[in-house]
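Peer 1: I have a structure here, written as structure tokens, and I will follow up with some questions on it.
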Amino acid sequence: MSYESEQLRDWYILFHYGTGEEILDGTAFSIDQLPSGCLDFPTATVGAFGEVGMVERALDLGCAVGRSSYELSKIAGEVTGIDYSQAFVDAAAAIGTGEPLPYHIYYEGHLRAEAAAELPAGVSPERVSFERGDAMNLRDDLGSFDLVHAANLLCRLTEPKKFLDRLPDLVRPGGHLVMATPATWMTEYTPQENQPSGLTLDYLDEHLGQTFERQSVQEIPFFIREHQRKCQLSTSQTSLWRRKG
Ligand SMILES: C[S@@+](CC[C@H](N)C(=O)[O-])C[C@H]1O[C@@H](n2cnc3c(N)ncnc32)[C@H](O)[C@@H]1O
12 MSYESEQLRD WYILFHYGTG EEILDGTAFS IDQLPSGCLD FPTATVGAFG EVGMVERALD
72 LGCAVGRSSY ELSKIAGEVT GIDYSQAFVD AAAAIGTGEP LPYHIYYEGH LRAEAAAELP
132 AGVSPERVSF ERGDAMNLRD DLGSFDLVHA ANLLCRLTEP KKFLDRLPDL VRPGGHLVMA
192 TPATWMTEYT PQENQPSGLT LDYLDEHLGQ TFERQSVQEI PFFIREHQRK CQLSTSQTSL
252 WRRKG
């Protein structure tokens, strides 16, 4: 699936920056029927780092339109957001200018209304930069980070192992990794032979366990609106890891 389309960009802007009222407008759902926190996923996965204090550098891989990158700027002096989609990183950077970013909220498959996304309160856009990149083939001079955040990226990769193999270099000794995945493995993204043969958490233990200590696992819910009658409610298995050494 291409992440370059305007419609997908709009769905993700609403998912990352929309208010509860905007996300649920016209749907048959009310906030009290939904799992607590499911409208705040990009913030909640950053919260999974816990009380780390203020750190120097953070990396958000598969950042999409950037909400988690901006949330990371509350706890890191420098944040790099990387995504494979140019349309997504352009939208992420545009929001950082402070100008409202026009997008659309869909009501039926073909009917949409104008909306504008705003930079969230309390973030520091001057600390955040975005670039297009491939999580399976990141540039060599990216350096190392105190925090690496990868939300709902793993099962979108053709070769997830390539991405996992780079993580020990990216996370500084004593630094932390948040890996969130709904484990929705599909051959349209990941060929069968590159998917885990068993549980995704066992696969992560196998590939990360030598260099990382797994500290916690939680299910974080998320709700993505496509249009008023088509919404996706899922949870993402979110594990926190500490780099050994
Ligand atoms: C399911 S979305 C999740 C986005 C965001 N982290 C979130 O939680 O809302 C997957 C994201 O990964 C990006 N992506 C897919 N393949 C990638 C790759 N090889 N390298 C970097 N980003 C990739 C997509 O463009 C998309 O923004």
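Residues 12 to 256 in my numbering are what the sequence shown lists, from first letter to last.
Ideal Cβ positions, reconstructed from N, Cα and C, are used throughout, including at glycine.
Computed from a predicted model, the values in this text were never measured in an experiment.
(1) LYS1 by DSSP, collapsed to three states: which one?
(2) I'd like the span of the beta strand (DSSP E) that includes ASP157, first residue to last.
(3) Could you work out which residue in LYS85, ALA128 and GLU137 is closest to GLY31 when comparing CA atoms only?
(4) What does the Cβ neighbour count give for ALA124, buried or exposed, with the cut at 16 atoms within 10 Å?
(5) For ligand 1, I want to know if MET190 counts as a neighbour, meaning its beta carbon is within less than 6 angstroms of at least one of the ligand's heavy atoms.
(6) Could you check whether ASP216 and TYR114 sit closer than 7 angstroms to each other, using their CB atoms as the reference points?
(7) Please classify GLU82: is it buried, with 16 or more other beta-carbons within 10 angstroms of its beta-carbon, or exposed?
(8) Quick one: is VAL159 buried, meaning 16 or more other Cβ sit within 10 Å of its Cβ, or exposed?
(9) Quick one: grab the DSSP three-state call for CYS242.
(10) Taking a contact to mean a Cβ-Cβ separation below 7 angstroms, would you say ARG254 touches VAL182 in this structure?
Peer 2: Based on what the coordinates show:
(1) Residue 1 is absent from the model: the chain starts at 12 and stops at 256.
(2) As a working mapping, residue 157 is identified with position 146 in the sequence shown. Here the beta strand (DSSP E) through ASP157 covers 156 to 162.
(3) By one-based count along the sequence shown, residue 31 stands at place 20. Nearest to GLY31 by alpha-carbon distance, out of LYS85, ALA128 and GLU137, is ALA128.
(4) Looking up residue 124 in the sequence shown gives position 113. Of the residues assessed, ALA124 falls on the exposed side of the cut-off, its CB having fewer than 16 other CB atoms within 10 angstroms.
(5) Taking the first residue of the sequence shown as 1, we reach residue 190 at position 179. Incorrect: MET190 has no Cβ contact closer than 6 angstroms to ligand 1.
(6) Taking the sequence shown and counting its residues from 1, one reaches residue 114 at position 103. Taking the sequence shown and counting its residues from 1, one reaches residue 216 at position 205. Cβ distance not < 7 angstroms, so TYR114 and ASP216 don't count as in contact.
(7) Numbered from 1 along the sequence shown, position 71 holds the residue referred to as residue 82. Buried.
(8) Here residue 159 refers to the residue found at position 148 of the sequence shown. Around the Cβ of VAL159, a 10 Å sphere holds 16 or more other Cβ atoms; the residue is buried.
(9) If you number the sequence shown from 1, residue 242 lands on position 231. Reduced to three states, the DSSP call for CYS242 is strand.
(10) Along the sequence shown, one-based indexing puts residue 254 at 243. Along the sequence shown, one-based indexing puts residue 182 at 171. Contact check for ARG254 against VAL182 passes: the beta carbons are separated by less than 7 angstroms.
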